[in-house]
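Engineer:
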Amino acid sequence: MDSRSWLLLEPDPPQLRLPDDLRARDPLGGRDCGWVAQMRPFVRHYAAPGARVFDPFCGFATTLLAAALEGRRGCGLEIDPARAQLARERLQRHGIDAPVAVGSLPDAPAPLPFDLCLTNVPYFGCRWPDPAGAPGADAGQLYLERDYEAYLRRLRDIFHAVRAALPDGGYCIAMAENLTLGGRALPLAWDLARILGALFVTREERLLCYARDPRALAPGDASTDRSHEYALVFQKQRERICLDSTGDELQALREAGFAFELHGSYPRWLADPDARAPADADLLLPDDQAEFDRLLWWLHERRYELTLWGEPVHPPLRLPRLREHWYLRAQRRDRLGRLVRLDLSLADQAAR
Ligand SMILES: C[S@@+](CC[C@H](N)C(=O)[O-])C[C@H]1O[C@@H](n2cnc3c(N)ncnc32)[C@H](O)[C@@H]1O
Numbered sequence: 001m002d003s004r005s006w007l008l009l010e011p012d013p014p015q016l017r018l019p020d021d022l023r024a025r026d027p028l029g030g031r032d033c034g035w036v037a038q039m040r041p042f043v044r045h046y047a048a049p050g051a052r053v054f055d056p057f058c059g060f061a062t063t064l065l066a067a068a069l070e071g072r073r074g075c076g077l078e079i080d081p082a083r084a085q086l087a088r089e090r091l092q093r094h095g096i097d098a099p100v101a102v103g104s105l106p107d108a109p110a111p112l113p114f115d116l117c118l119t120n121v122p123y124f125g126c127r128w129p130d131p132a133g134a135p136g137a138d139a140g141q142l143y144l145e146r147d148y149e150a151y152l153r154r155l156r157d158i159f160h161a162v163r164a165a166l167p168d169g170g171y172c173i174a175m176a177e178n179l180t181l182g183g184r185a186l187p188l189a190w191d192l193a194r195i196l197g198a199l200f201v202t203r204e205e206r207l208l209c210y211a212r213d214p215r216a217l218a219p220g221d222a223s224t225d226r227s228h229e230y231a232l233v234f235q236k237q238r239e240r241i242c243l244d245s246t247g248d249e250l251q252a253l254r255e256a257g258f259a260f261e262l263h264g265s266y267p268r269w270l271a272d273p274d275a276r277a278p279a280d281a282d283l284l285l286p287d288d289q290a291e292f293d294r295l296l297w298w299l300h301e302r303r304y305e306l307t308l309w310g311e312p313v314h315p316p317l318r319l320p321r322l323r324e325h326w327y328l329r330a331q332r333r334d335r336l337g338r339l340v341r342l343d344l345s346l347a348d349q350a351a352r
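Quick note on UniProt numbering: the sequence shown kicks off at 1 and runs consecutively.
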């Protein structure tokens, strides 16, 4: 892979495509099957030879096939048992031994430990046939999620579990495109980037471009053929906070009359600047709803992003919700990219 921010992809040769007989057995006719050519450069670049590549939305095992062709080991999770079977048969025909388990994160774990997560997310609004049989069958199938916010929350939970299993420094690459639904653009790829950016350090995006014959548009027709998608590149890494800006912000909090105690790695670093630099400043707060609200408004007005486990929140926020989540994260980045991250929790909870 070179420094260009886009890749122009060539279709796979017939021997690497999903075979017609397997395609014919799929309810969507394999319409959502990706290209091996799309995955190979990312496998080569982000996983060392012999490393393990995991696809949490394994589909027809295109990622696992790409991994094997590049001398990496693959494993996958697929919610649909029939698709998992198609994936196994496809791999078998290539003589590849890579486990495809049926299930979904966070309930089912990845079949094996992994070094790189590389996937194509299931799109919202995909017309997956409604399940026959008992209500709740196919409950984990994201293609069947009717509510966009719920769909995004479920993706977040899945990638949260990816993050937990990924080693420090490992990459998580999710491919997605913005969609057109009901005549409107739905920025799925950008929403996904925002969600994953709260779990990982956002490294880059690469544009994947597919050559298609253009067609003429009537003047004012805003549609395009959407012949591109994004490969969103994230890394599990401790992000460095700016220690000077954090110190300034803590001073500003004291001057505004807020009572708090510092806890954990930040005061340890203050006591010993040779200690590992902290990734955040943990503030322990008194159990006082009015003061907590005042603090949240103060942070909100200073343009802090406030989140509970990656979900945006706005003041006021009841203390029991903070208790449920243990901490609230307040962070902001200035125009030089300097990060201040404050984790707020209740002193009585931390003492337990
Ligand atoms: C875009 S397709 C992946 C295709 C794959 N990249 C390929 O080319 O072979 C997304 C897959 O995610 C699966 N899926 C949907 N919800 C899931 C979930 N909660 N956990 C695991 N897989 C899921 C779908 O059944 C579908 O096969």
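Each residue gets a CB set at the ideal place from its N, CA and C atoms; glycine is no exception.
Using the three-state DSSP reduction, which class does residue 245 fall into: helix, strand or coil?
Structural biologist: Counted from its first residue, the sequence shown places residue 245 at position 245. Note: residue 245 maps to helix in three-state DSSP.
Engineer: If you draw a straight line from the C-alpha of residue 249 to the C-alpha of residue 304, how long is it?
Structural biologist: Residue 249 sits at position 249 when you count from the first residue of the sequence shown. Residue 304 sits at position 304 when you count from the first residue of the sequence shown. Each residue's alpha carbon lies about 11 Å from the other.
Engineer: Closer than 7 Å by C-beta to residue 81: which residues in its own chain qualify, once you throw out the five before and the five after it? Chain order, please.
Structural biologist: As a working mapping, residue 81 is identified with position 81 in the sequence shown. Excluding residues within five positions, the ones whose Cβ falls inside 7 Å are 102.
Engineer: I'd like the ranges of any beta strand (DSSP E) spanning at least 3 consecutive residues and lying wholly in the region 198 to 238.
Structural biologist: Qualifying beta strand (DSSP E) stretches, in chain order: 201 to 210, 228 to 235.
Engineer: Let me know if residue 56 comes out buried or exposed under the rule of 16 or more other beta-carbons within 10 Å of its beta-carbon.
Structural biologist: Start at 1 with the first residue of the sequence shown, and residue 56 comes out as number 56. Buried, since its Cβ has 16 or more Cβ neighbours within 10 Å.
Engineer: Which ranges does the beta strand (DSSP E) cover as unbroken runs of at least 3 residues, wholly within the region 73 to 146, from first to last along the chain?
Structural biologist: Runs of the beta strand (DSSP E) inside the region 73 to 146: 73 to 78, 100 to 102, 116 to 120.
Engineer: Where are the alpha helix (DSSP H) runs, 4 residues long or more, that stay fully inside the region 249 to 328, in chain order?
Structural biologist: The region 249 to 328 contains these whole alpha helix (DSSP H) runs: 265 to 271, 289 to 301, 319 to 325.
Engineer: Can the beta-carbon of residue 310 be found less than 8 Å from the beta-carbon of residue 164?
Structural biologist: For the purposes of this step, residue 310 is identified with residue 310 of the sequence shown, where counting begins at 1. For the purposes of this step, residue 164 is identified with residue 164 of the sequence shown, where counting begins at 1. Result no, Cβ atoms of residue 310 and residue 164 do not sit closer than 8 Å.
Engineer: Would you check if there are 3 or more beta carbon pairs closer than 8 Å linking the region 285 to 298 to the region 232 to 249?
Structural biologist: At 8 Å Cβ cutoff, the stretches do not touch.
Engineer: Quick one: is the Cβ of residue 83 within less than 7 Å of any heavy atom of ligand 1?
Structural biologist: As a first step, residue 83 is located in the sequence shown; it is residue number 83 there, counting from the start. Yes, ligand 1 has a heavy atom inside 7 Å of this Cβ.
Engineer: Would residue 343 and residue 329 be called neighbours here (beta carbons separated by less than 8 Å)?
Structural biologist: Here residue 343 refers to the residue found at position 343 when the sequence shown is read from its first residue. Here residue 329 refers to the residue found at position 329 when the sequence shown is read from its first residue. Cβ distance < 8 Å, so residue 343 and residue 329 count as in contact.
Engineer: Quick one: using the 10 Å Cβ neighbour count with 16 as the cut-off for buried, is residue 281 buried or exposed?
Structural biologist: In the sequence shown, the residue the question calls residue 281 occupies position 281. Classification of residue 281: buried, given that the 10 Å Cβ count is 16 or more.
Engineer: Would a C-beta distance cut-off of 8 Å place residue 100 and residue 72 closer than the cut-off?
Structural biologist: Locating residue 100 in the sequence shown gives position 100, counting from the first residue. Locating residue 72 in the sequence shown gives position 72, counting from the first residue. Going by C-beta atoms, residue 100 is not nearer than 8 Å to residue 72.
Engineer: Taking only three categories from DSSP, how would you classify residue 181?
Structural biologist: Position 181 of the sequence shown holds residue 181. Residue 181 falls in the strand class under three-state DSSP.
Engineer: For residue 170 and residue 48, what's the separation of their Cα atoms in angstroms?
Structural biologist: Position 170 of the sequence shown, counting from 1, holds the residue named residue 170. Position 48 of the sequence shown, counting from 1, holds the residue named residue 48. Cα to Cα, residue 170 sits roughly 11 Å from residue 48.
Engineer: Beta carbon of residue 285: closer than 7 Å to some heavy atom of ligand 1?
Structural biologist: By one-based count along the sequence shown, residue 285 stands at place 285. It does not: the Cβ of residue 285 is nowhere closer than 7 Å to a heavy atom of ligand 1.
Engineer: Return the CA-CA distance between residue 95 and residue 116, expressed in angstroms with no decimal places.
Structural biologist: To locate residue 95, count along the sequence shown from 1; it is residue 95. To locate residue 116, count along the sequence shown from 1; it is residue 116. Using only the alpha carbons, I get a separation of about 22 Å.
Engineer: Look at the alpha carbon of residue 254 and the alpha carbon of residue 175, and state the distance between them as a whole number of angstroms.
Structural biologist: Walking along the sequence shown from the start, residue 254 turns up at place 254. Walking along the sequence shown from the start, residue 175 turns up at place 175. Spanning the two alpha carbons is a distance of roughly 44 Å.
Engineer: Using the Cα positions of residue 245 and residue 193, report the straight-line distance between them to the nearest angstrom.
Structural biologist: Along the sequence shown, read from residue 1 onward, the residue named residue 245 stands at position 245. Along the sequence shown, read from residue 1 onward, the residue named residue 193 stands at position 193. Rounded to whole angstroms, residue 245 to residue 193 spans 26 Å at the Cα level.
Engineer: Looking at C-alpha atoms only, which residue of 336, 189, 350, 315 is the closest neighbour of residue 323?
Structural biologist: The residue you call residue 323 lines up with position 323 of the sequence shown. Here the closest residue by C-alpha is 350.
Engineer: At which residues does the alpha helix (DSSP H) containing residue 40 begin and terminate?
Structural biologist: Translated into positions along the sequence shown, residue 40 becomes position 40. Looking at the DSSP string, the run of the alpha helix (DSSP H) that includes residue 40 is 36 to 46.
Engineer: Any contact of the region 175 to 186 with the region 216 to 233, i.e. 3+ C-beta pairs under 8 Å?
Structural biologist: Counting Cβ pairs under 8 Å, three or more are found: they touch.
Engineer: Contact between the region 111 to 125 and the region 74 to 93: three or more CB pairs below 8 Å?
Structural biologist: As far as the Cβ criterion goes, the region 111 to 125 touches the region 74 to 93, which means the pair count is three or higher.
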